[in-house]
Amino acid sequence: MLLHLPDDHGALAVQEAIVAKMAQLPTTLRRTLTWDQGREMANHAAIAAATELDIYFCDPHSPWQRGSNENTNGLLRQYFAKGTDLSVFPADYLDYVAAQLNTRPRKTLGWKKPAEVLDELLSNPPKPPAVASTA
């Protein structure tokens with residue numbers, strides 16, 4: 001999921017973008033968000049409250065704690081050089097790049113495409129865990 005932040009990368013802009021994007025997913029598919037120590041997540045409590053996400057922060061200089069993110073960053077380097085200011089790109093180009101990455105088969109998904117797996121989850125969402133009765 002790429003968020004388009006053309007004007008501002010501050011905490012409020014990031015909060016609004018994440019909340020809006022997460023609202024597009026069913027609650028059963030919103031679980032956790034793992035972030036680095038950046039100031040843009042200063043409003044993490046508001047994001048967690050609005051999205052029902054558990055938000056975790058990695059230790060400084062520990063990219064292995066966000067392995068999927070680091071892998072995705074590597075894939076994004078095929079389109080954007082490290083340090084590129086993504087705010088200069090129009091939202092439709094970022095959507096194009098996201099579509100390219102989401103239609104690429106992944107070994108970790110049994111060679112399915114992320115878009116296929118998401119479609120499967122959206123058409124048959126997981127049921128929330130049941131709570132056992134003690135009566």
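Numbering (full-length UniProt numbering), first residue to last: 1 to 135. Yeah, the Cβ is synthetic: ideal placement off N, Cα and C, and Gly gets one too.
Is it buried or exposed for E40, if we count other Cβ within 10 angstroms and need 16 for buried? Position 40 of the sequence shown, counted from the first residue, corresponds to residue 40. The residue in question, E40, is buried, as its Cβ has 16 or more Cβ neighbours within 10 Å.
Complete runs of the alpha helix (DSSP H) confined to the UniProt domain "Integrase catalytic" (1-122) [at least 4 residues]: 11-22, 44-51, 67-76 and 91-102
Distance, L2 Cα to Y93 Cα: Position 93 of the sequence shown, counted from the first residue, corresponds to residue 93. Position 2 of the sequence shown, counted from the first residue, corresponds to residue 2. Distance between the alpha carbons of Y93 and L2 is about 11 Å.
Given that a residue counts as buried once 16 or more other Cβ atoms are within 10 Å of its Cβ, and exposed if not, what is Q37? Working through the sequence shown from its first residue, we reach residue 37 at position 37. Exposed: under 16 other Cβ atoms inside 10 Å.
Verify whether the separation of the beta carbon atoms of V19 and L5 is less than 8 Å. Counting from 1 along the sequence shown, the entry for residue 19 is found at position 19. Counting from 1 along the sequence shown, the entry for residue 5 is found at position 5. Contact: no.
Please say whether I55 and T29 have beta carbons closer to each other than 8 Å? As a first step, residue 29 must be located in the sequence shown, where it is residue number 29. As a first step, residue 55 must be located in the sequence shown, where it is residue number 55. At residue 29 the sequence reads Leu, which differs from the Thr that was named. No, they are not a contact pair.
Quick one, which of L53, D7 and S68 has its alpha-carbon nearest K107's? Taking the sequence shown and counting its residues from 1, the one referred to as residue 107 is at position 107. Answer by Cα proximity: S68.
Is S43 buried or exposed, if buried means 16 or more other CB atoms sit within 10 Å of its CB? Stepping through the sequence shown from its first residue, residue 43 is reached at position 43. The sequence as given places Asn at residue 43; Ser does not occur at that position. Burial call: buried.
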